[in-house]
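Residue numbers (our numbering): 2 to 182.
The structure appears below as structure tokens.
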Amino acid sequence: MELPLIPGRECGPCVECCRFIPLDLPELSKPTGSLCAYCVDGAGCSVHAVRPQTCRTWFCVWRVVELDEAWRPDLSGIIVRPDGLLTGEMTLYIVRRTDFLRSAMLFDTVAQWLSEGLRLAISVPGPVGTLPVRAEVTDYLLPAVAAGDEAGVQALFERVLASLDQHEFEADGIEERYAVI
2 MELPLIPGRE CGPCVECCRF IPLDLPELSK PTGSLCAYCV DGAGCSVHAV RPQTCRTWFC
62 VWRVVELDEA WRPDLSGIIV RPDGLLTGEM TLYIVRRTDF LRSAMLFDTV AQWLSEGLRL
122 AISVPGPVGT LPVRAEVTDY LLPAVAAGDE AGVQALFERV LASLDQHEFE ADGIEERYAV
182 I
């Protein structure tokens with residue numbers, strides 16, 4: 002899915018997709034949670050000009066939707082996945098627990114999405130080489146969001162994250178392979 006990017010918005014030092022998104026392509030294969038060998042942490046792709054098509058067209062929602070700079074994945078700890086944009090679902094892939102999870106900005110954005118009829122899921126990575134787990138949480142959050150209960154939403158997020166952390170993570174079955182150049 003190729004989405005139009007916000008003009009002038011760049012990944013900058015963020016490389017979270019290069020770390021947390023699994024790839025299993027003929028020219029590049031890396032397990033979930035493993036930084037791509039072509040990625041320079043904090044700087045980006047060292048083979049940018051010849052990177053695979055998937056890497057050229059996959060962008061997190063921060064690159065395609067007007068979200069504050071604080072939503073950038075390396076700052077927020079959240080990769081908002083684009084997979085459900087066309088079906089009306091937002092997935093917050095929480096790759097690192099930061100203070101952003103307790104911010105008014107997160108609450109306001111989630112409240113806005115839910116008021117627009119979007120569904121919300123939370124996903125977390127497991128150990129390197131395992132598939133992330135995911136839970137659809139719309140119905141769980143709606144009463145607290147409708148009541149404007151920011152602390153209640155934060156508590157619900159914490160419970161969902163604690164539950165997901167207890168999940169038995171499944172191996173992604175991806176073997177590292179680098180052959181871009």
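We put the CB at the ideal spot given by N, CA and C, even for glycine.
Unbroken beta strand (DSSP E) run spanning residue i, endpoints
i, result
"valine 81", "79-82"
"threonine 92", "90-95"
"leucine 29", "29-31"
Local conformation of residue i per DSSP, three classes
i, result
"cysteine 46", "strand"
"cysteine 18", "helix"
"valine 129", "coil"
"cysteine 37", "coil"
"aspartate 173", "coil"
"arginine 57", "helix"
"alanine 71", "helix"
Residue i, enclosing alpha helix (DSSP H) - first and last residue
i, result
"tyrosine 141", "139-147"
"leucine 115", "105-116"
"leucine 157", "151-166"
"arginine 64", "Where arginine 64 is concerned, there is no enclosing alpha helix (DSSP H), given that its DSSP letter is neither H nor E."
Whether residue i touches residue j by CB criterion (8 Å)
i, j, result
"proline 126", "threonine 58", "no"
"isoleucine 95", "leucine 36", "no"
"valine 134", "alanine 145", "no"
"cysteine 15", "aspartate 75", "yes"
"cysteine 19", "cysteine 46", "yes"
"leucine 132", "glutamate 171", "yes"
"glutamate 176", "serine 77", "no"
"alanine 148", "methionine 106", "no"
"glycine 89", "glycine 118", "yes"
"alanine 180", "glutamate 28", "yes"
"aspartate 166", "proline 23", "no"
Cβ contact check for the region 135-150 and the region 109-123: 3 or more pairs under 8 Å: yes
_Under 8 Å: do the region 3-22 and the region 52-69 share three or more Cβ pairs, one atom per stretch?_
yes
Using a Cβ distance threshold of 8 Å, determine whether the region 47-55 contacts the region 78-94, with at least three qualifying pairs required. no
Item to check | Inter-stretch contact at 8 Å, needing at least 3 Cβ pairs: the region 92-112 / the region 149-164 | outcome: yes
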